[in-house]
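Taken in order, these protein sequences are the chains called A and B.
Counting with our numbering, you get residues 90 to 695 for the letters of the first sequence.
Counting with our numbering, you get residues 90 to 695 for the letters of the second sequence.
Quick reminder that beta carbons are idealized off the backbone N, C-alpha and C, glycines included.
Nothing here was measured: the structure is a model prediction, and the numbers come from that model.
Protein chains: 2
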Amino acid sequence: MTVVAPAVPGRGALRPLSLGDVRIGPGFWGSRQQLNGEVIIDHCRSWMERLGWIGNFRVASGAGRRGREFTDADVYKLVEAMCWESARTGRDDLGAAIASLGTLIAGAQEPDGYLNTRFGHQGLDARYRDLEWGHELYCAGHLLQAGVARLRTGAPPDDPLAATVVRAADHVCVAFGDGGNHGVDGHPVIETGLVELYRATGSERYLEQARRFVERRGRPALADIPFGRAYFQDDVPVRSAPAFRGHAVRALYLAAGVVDVAIETGDRELLEIVADQWQRTVAHRTYLTGGMGSRHEGESFGDDHELPPDRAYAETCAGVASVQLAWRLLLATGESRYADLIERTLHNVVATAVAPDGRAFFYTNPLQVRVPPSVPDPTEPSPRAAAGLRAPWYDVSCCPPNVARLLASLSAYVATTTSDGGVQLHQFMPGRVQAGPVVLEVSTDYPVSGRVVVRVDAGPAGPWRLDVRVPGWSDGLRLTVGEETWEATRGYASVERAWRPGDGLVVDLPVRPRWTYPSPQVDAVRGCAAVERGPIVYCAESPAAESTEDLSLLSVDDSAEPTDRAGSVYVDSRSGGVELIPYHRWGNRGPATMRVWLPLATARRP
Amino acid sequence: MTVVAPAVPGRGALRPLSLGDVRIGPGFWGSRQQLNGEVIIDHCRSWMERLGWIGNFRVASGAGRRGREFTDADVYKLVEAMCWESARTGRDDLGAAIASLGTLIAGAQEPDGYLNTRFGHQGLDARYRDLEWGHELYCAGHLLQAGVARLRTGAPPDDPLAATVVRAADHVCVAFGDGGNHGVDGHPVIETGLVELYRATGSERYLEQARRFVERRGRPALADIPFGRAYFQDDVPVRSAPAFRGHAVRALYLAAGVVDVAIETGDRELLEIVADQWQRTVAHRTYLTGGMGSRHEGESFGDDHELPPDRAYAETCAGVASVQLAWRLLLATGESRYADLIERTLHNVVATAVAPDGRAFFYTNPLQVRVPPSVPDPTEPSPRAAAGLRAPWYDVSCCPPNVARLLASLSAYVATTTSDGGVQLHQFMPGRVQAGPVVLEVSTDYPVSGRVVVRVDAGPAGPWRLDVRVPGWSDGLRLTVGEETWEATRGYASVERAWRPGDGLVVDLPVRPRWTYPSPQVDAVRGCAAVERGPIVYCAESPAAESTEDLSLLSVDDSAEPTDRAGSVYVDSRSGGVELIPYHRWGNRGPATMRVWLPLATARRP
């Protein structure tokens, strides 16, 4: 049976559920899914229409093409988002829009399967002459992902987009097979696109081609550039790298493809290598928010412990890619640390990126802002990634459609099942989960409170196991089943029993605000502490209307616990109480200074 | 009488001396001047020959031109260095080499005065189509500076280079005058080149053209770019900027030109504006080393207090430019803070940039390195600015010839005179200073010790004033004249008397090592202290042969003063004494980790 979801591996510890089998009810994420369906997807589409990125597919000759060399990929991400949203809601208008875009895209394909509006046409540059920067296989990778979404969400057999995608993939296998070009693309994503298409079609040549791309990297396969080959993960072979490095989105997309290849080829060694790279990256190269990429230069990971809050690049797309990667590792291993990072990244990167009205987005997500940013022009795309406040669109606008496809498919990341019929609850969202014969109803206002009530509405006769993640940020959680209450401390709290309809499980998570201290090796935040509450990182924000200097001399007292009042958290400082707001709300009140890491009046020593 | 020096303003508080009137004897700077004359200049020339940058002037058609678009400027800086070195030493071979290069350069000039090997020739791009990035006026500015050096160091009346430079400047005045192109160059330096040529020739059209370029900036005059217009100081008019911002070398070259324009046009308001910008920049946007530019992205100044030691760009060229700017402000005002910054920058940026053998150079000068850098290929130019260790050459190799011209002209920065016949000693270097009728002999091994003995060998009859700078880093200094000893605390220590030959002045500077604490607003070094000794910043260095992890967990005790032994300084840490070496020696022992700011076991609170 087809699982309707992004990333459907053929093996692994956990099995994903279909989007339709998990419904996210009203709440923190339900409202964002609704905003995505009602606003964000249309917003993306109308900007891409206005700027000609969709129209580029109509211009057969390539003359008059508009936008940067990778805009095709943004159209494909939009189509992918529309596919998932259509499957989630069954909206008819989306089906028609997808079919229309699919026909348009199909019309731009060359007879041999090549498809790119920027290269290979009369009057434009020839194909594959600039693998470092041309983004042709990057665009193809996103095309494949859109095609997979189309196939999994019920494309008719003669669907033009599905057929186009298969032809495009076949072309890539010929052009970059053993008898063809032995290069790789400067921007990975083709790897995971090919493996997913293999999963969706069963055609092994796609898997083999993905494996080739993974193994070619770092021999090296690309020219040196001023950023260095680490920028596109071509400095050393995938198997030799100790951690993720270079351009963060490139590194994370590649790692996701490496996991996909490792899983489908049964290459356990490769899987362990990526898991080790992930572990070191999360331990030493990741922000408290889950943000990845600490350098503006090259939009890249820094060295271990190089985590400046003020210059955090922490691109929104890197957050999306990190969720996709962690999800693959979670499915492969069943280890809760991956779901922990997904939770952290969703609440503090993805949620932060989107304006409350769904019409503006952060590209970078710094943890400190010293000078109130300028207000982006609402009528023009921002020429800069660091637009200051959320901007409606960017000259390089990879992030908004990336968020759109993640939000549309978010229910895929909530729960899984195992071959023994067990069900695993990874994220705490209200709603309904169906996993085979099991039906769960989850009630919670998490992360506002920490109580999550899981009711079994249906299930098989006899005992089966229900696993609930114990977040890494908590000291543990309290579980109550019937009269019995106990503490669970790490990993997954398991309850195996013969559940009967109406049985309940109550989870109590300790979401009271808490101080978090950095590693002494992170020089940039020495002598500081941050405040978290549940999965939410907090920050101090100083709207420009008031003094903008106060945060630069802020000094807080951590001898008392932070207190919790009406959605804000308060800590003591020399000049009285300081209000902290959830980091994902920063910038909503206009230009402001902001900081997550708060200097301590008396620093605790390591 | 012609003053043979870079920057010879027509008015101001202080008057510069000719290179030939100040001889720097053996010692810290004497050895570096000698290295420059014997190695660095030849090293630069041979790389420029090998890479075709000099040969580009032979290729009349432009076909086969090699190197980046701005390499002409590096050849001009080399010529400038050779001119100053020739004047300093009287070396005959340099005179011939200058004449030969001058003839070569002259041969590449178009009939209308335009001179650039990258643009305006058959088969190449047209002139002035890309003011943002083309660097045509930037190259012209360095050409003018080379021509000024040639004129001031005794070019014959029919010298081809001098004539070429005048034609080039005339061309710029026509092409960019009121009736011509109203643009400016993306990379300033033409401004100061024009004013200096005005000073050297008396032709006011050059001054007027420089004034035009200064006033056009920021209206805006250039297109927007992803870095933003602040990158090339085109975001706001020069008179409206609160501090230096954007690309540091661009900002500092421009500011030097603005000072030149302000001085020669008598625009006191403009001079005060630049002085205020300088003050804010030095107070809030400058590293302890004097390094400027805290961002790799855009090689630019950061916001106030954004001074990460690990990602300090602190380009060597920005150090050279900062010396040139501070010197102009010092000549204009006579205020010691400018000489203070020159001393700091010379000892910690310029001295750091050059390898002991004079054959390798830092491009960036970070204050912390967490991962031992790779060893650059000694046979090829580095494709990257952050080469790790000092590299022999760079694809963008602006820094080595910039250091060469500064070292060759270094004696210009030591002392000045005033219209009343006073003499001011700004830098403490052993040697001889002649200022009109006054001849001083300075004996010192500064900065090894703090004793500086100044002997008056000649001077006018009657009283005249001798001023000695009291460095800002010191709590004061002790002056001894004959039997009399007293303390001077700030600015310049003045001794006015009827000096007789053989009279002496003894200066004792407190060069014992001292702790330096950062402003609490500089987040990146909170809870740290640095050690300085005299003008020298110290650092901890961990050669790769030993553990590379120790510096990441270093924690020092500042309850005792640092101690001084055999050229190193020692401080206490939990695991015993830690040796600190002068920052300018870091990287001399091969790949190593390094840090200037040392985490404190018990942080002092602001």
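| Item | Value |
| --- | --- |
| Hey, could you find the ends of the alpha helix (DSSP H) residue 234 of chain A is sitting in? | 225 to 241 |
| Report yes if the C-beta distance between residue 437 of chain A and residue 672 of chain A is below 9 Å; otherwise report no. | yes |
| If you reduce the DSSP assignment to three classes, tell me which class residue 336 of chain B lands in. | strand |
| Can you pull the chain A residues whose beta carbon is under 8 Å from the beta carbon of residue 460 of chain B, in chain order? | 392, 393 |
| Out of B:418, B:665, B:481, B:535, point me to the one whose CA is closest to residue 130 of chain B's CA. | B:481 |
| Which runs of the alpha helix (DSSP H) at least 4 residues long sit entirely within the region 402 to 431 of chain A? Give them in chain order. | 405 to 422 |
| Excluding five sequence neighbours on each side, which residues of the same chain lie with their C-beta closer than 8 Å to the C-beta of residue 508 of chain A? | 104 |
| Using the DSSP secondary-structure output, state which residues sit across from residue 666 of chain B in a beta bridge. | B:661 |
| I need the straight-line Cα distance from residue 636 of chain A to residue 147 of chain A, nearest angstrom please. | At residue 636 of chain A the pLDDT is 48, less than 50, meaning the model places this residue with poor confidence; the figure from the coordinates comes in the next sentence. Those two C-alpha atoms are separated by around 52 Å. |
| Relative to the C-alpha of residue 279 of chain B, which residue among B:617, B:257, B:442, B:366 is closest? | B:257 |
| Determine the direct distance from the alpha carbon of residue 396 of chain A to that of residue 376 of chain A, and round the result to whole angstroms. | 7 Å |
| With DSSP as the reference, label residue 681 of chain A as helix, strand or coil. | strand |
| By DSSP, does residue 634 of chain B sit in helix, in strand, or in coil? | A caution first: residue 634 of chain B carries a pLDDT of 44, below 50, which makes its placement in the model unreliable, though a value can still be read off. DSSP places residue 634 of chain B in coil when its eight states are reduced to three. |
| For a cutoff of 9 Å on Cβ pairs, would you count residue 619 of chain A as touching chain B? | no |
| Against chain A, with Cβ distances strictly below 9 Å, would residue 386 of chain B count as a contact? | yes |
| If you draw a straight line from the C-alpha of residue 557 of chain B to the C-alpha of residue 407 of chain B, how long is it? | 27 Å |
| Does the distance from the C-beta atom of residue 533 of chain B to that of residue 519 of chain B stay below 9 Å? | yes |
| Roughly how many angstroms lie between the CA atoms of residue 349 of chain B and residue 496 of chain B, to the nearest whole one? | 22 Å |
| Which same chain residues, not among the five before or five after residue 628 of chain A, have their C-beta less than 7 Å away from its C-beta? | 669, 670, 672, 675, 683, 684, 685 |
| Show which residues of chain B have a CB atom less than 8 Å away from the CB atom of residue 313 of chain A. | 472 |
| Looking at the secondary structure, which residues open and close the beta strand (DSSP E) in which residue 520 of chain B lies? | 520 to 524 |
| Which chain A residues sit within Cβ distance under 8 Å of residue 688 of chain B? | 609, 612, 615 |
| Excluding sequence positions up to five away, which residues of its chain have a Cβ less than 8 Å from the Cβ of residue 370 of chain B? | 332, 333, 381, 390 |
| Can you check DSSP and say which residues form a bridge with residue 381 of chain A? | A:375 |
| So, does the region 400 to 418 of chain B touch the region 437 to 453 of chain B, judging by three or more C-beta pairs under 8 Å? | yes |
| Assess, as a yes-or-no matter, whether the region 266 to 282 of chain B is touched by the region 198 to 216 of chain B under the definition of 3 or more beta carbon pairs within less than 8 Å. | no |
| Check whether the Cβ atoms of residue 444 of chain B and residue 479 of chain B lie closer than 9 Å to each other. | yes |
| Determine the chain A residues that contact residue 317 of chain B at a beta-carbon separation under 7 Å, and present them in chain order. | 473 |
| Using a Cβ-Cβ cut-off of less than 8 Å, give me the residues of the region 529 to 545 of chain A that come near chain B, in sequence order. | none |
| I want to know whether the region 259 to 266 of chain A touches the region 238 to 245 of chain A - three or more CB-CB distances under 8 Å. | no |
| Helix, strand or coil for residue 671 of chain A? Go by DSSP, reduced to three states. | strand |
| My understanding is that residue 168 of chain B touches residue 190 of chain B, with C-beta atoms under 8 Å, so please give their C-beta distance in whole angstroms. | 5 Å |
| Would you call residue 115 of chain B buried or exposed, if buried means 16 or more other Cβ atoms sit within 10 Å of its Cβ? | exposed |
| Over what stretch of residues does the alpha helix (DSSP H) that includes residue 574 of chain B continue unbroken? | Where residue 574 of chain B is concerned, there is no enclosing alpha helix (DSSP H), although the beta strand (DSSP E) it sits in stretches over 573 to 577. |
| With C-beta atoms as the reference, is residue 363 of chain A less than 9 Å away from residue 372 of chain A? | no |
| Round the Cβ separation of residue 378 of chain B and residue 411 of chain B to the nearest angstrom and send it over; I've been treating them as touching at under 8 Å. | So it is not a contact: roughly 11 Å between Cβ atoms. |
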